[in-house]
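Below is one structure; the comments refer to it alone.
In the working numbering, the protein residues as written are 26 to 288.
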């Protein structure tokens, strides 16, 4: 009798193990997994007041506050990583970053390789010059050396003015380096986003710089970028943006960094 029932008992034990293993798999909750997903956010930390490093090497600034507020409203767990601007788009394409927020202007060229949220900031280009400069408008820069941050809309504007391969355009990895070159006389002017340029001039009152605001520069709209086709994540970001606009959070963050300007 024992020999007769031993195979059946063994089979029952094996079945129990299979069932237990199966139960372990069924306990996996897709919703819980999604809630625990950490999204890596890329931001250029050399672009005050939008993003810069504090003494603890943490990123702080307008973009950082906006991203944290959006993530909170959208229920997203995020980790923000300092990423140089000229490497941002490759990092997104390769999957090293899930989200980008770094004063990225929404335009048709970028839309070919990434998707954008609704705009969260309206910007334009400004020209910063030594006080002694006679430049009065963008066109006056044609015969001068122009400093820009590489791969930005300022870079594109300079190329359109003097030619794509013109040696008159000097490209830098960050805006602080471009401003440093202006201070040293290596370039005659620097073109950059209004928020960055006004912040630099405001915080360097002893360096005798002035700003030219040329109406020829069009308005630009910053957006939060995700990998092209990631509609689910994009919808969550847009929901978060809608919420911070509706409850006044965006206005409060804006006034914190741009108290003298209108949203």
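Glycine included, each C-beta is placed from N, C-alpha and C at the ideal position.
Going by beta carbon distance, what residues of the same chain come within less than 8 Å of residue i, once the five residues before and after it are set aside?
i           : result
residue 235 : 153, 154, 155, 156, 158 and 226
residue 52  : The pLDDT assigned to residue 52 is 44, lower than 50, so where the model puts this residue is not dependable; a value taken from the coordinates is nonetheless given after this. Hits under 8 Å: none found.
residue 211 : 170, 172 and 195
Let me know if residue i comes out buried or exposed under the rule of 16 or more other beta-carbons within 10 Å of its beta-carbon.
i           : result
residue 134 : exposed
residue 192 : exposed
residue 8   : No information on residue 8 is available, as it lies outside the stretch 26 to 288 that the chain covers here.
residue 94  : buried
residue 220 : buried
residue 224 : buried
residue 180 : buried
residue 183 : buried
residue 120 : exposed
residue 58  : Note that residue 58 has pLDDT 48, beneath the 50 cutoff, so the model's placement of it is unreliable and the number below is only indicative. The residue in question, residue 58, is exposed, as its Cβ has fewer than 16 Cβ neighbours within 10 Å.
Short check: CB of residue i to CB of residue j, under 8 Å?
i           : j           : result
residue 144 : residue 129 : no
residue 105 : residue 89  : yes
residue 170 : residue 213 : yes
residue 244 : residue 149 : yes
residue 16  : residue 167 : Residue 16 lies beyond the range of the chain shown here (26 to 288); nothing can be said about it.
residue 142 : residue 269 : no
Give me, in chain order, the residues of the same chain whose beta-carbon lies closer than 7 Å to that of residue i; leave out the 5 immediate sequence neighbours on both sides.
i           : result
residue 238 : 151
residue 208 : 232
residue 175 : 111, 196, 197 and 198
residue 99  : 261, 262, 264 and 265
residue 16  : The shown model of the chain, from 26 to 288, leaves out residue 16, and the question about it has no answer.
residue 274 : 94
residue 74  : 86, 87, 220, 224 and 282
Which residues in the same chain as residue i place their Cβ atom closer than 6 Å to its Cβ, once the five residues preceding and following it in sequence are excluded?
i           : result
residue 49  : The predicted position of residue 49 is uncertain, since its pLDDT is 44 and thus under 50; a value taken from the coordinates is nonetheless stated next. Correct list: empty, nothing qualifies.
residue 258 : 251
Since I believe residue j is in contact with residue i (beta carbons under 8 Å), could you give me their beta-carbon distance rounded to a whole number of angstroms?
i           : j           : result
residue 77  : residue 67  : That belief does not hold up - the Cβ atoms of residue 77 and residue 67 are roughly 15 Å apart, past 8 Å.
residue 127 : residue 64  : Going by Cβ atoms, the distance from residue 127 to residue 64 rounds to 15 Å, so no, they are not a contact pair.
residue 163 : residue 138 : Wrong, their Cβ atoms sit about 28 Å apart, outside the cutoff.
Which full runs of the alpha helix (DSSP H) of 4+ residues lie inside the stretch 213-260, going along the chain? Counting only runs of 4 or more, we get 219-227.
At what residue ranges does the stretch 45-126 contain a whole run of the beta strand (DSSP E), taking only runs of 3 or more? The qualifying runs are 63-68, 76-78 and 102-107.
Mind pulling the beta strand (DSSP E) runs of 3 or more residues that sit fully within the stretch 146-220? Those beta strand (DSSP E) runs which fall completely within the stretch 146-220 and span 3+ residues are 146-148, 150-155, 171-174, 194-197 and 214-218.
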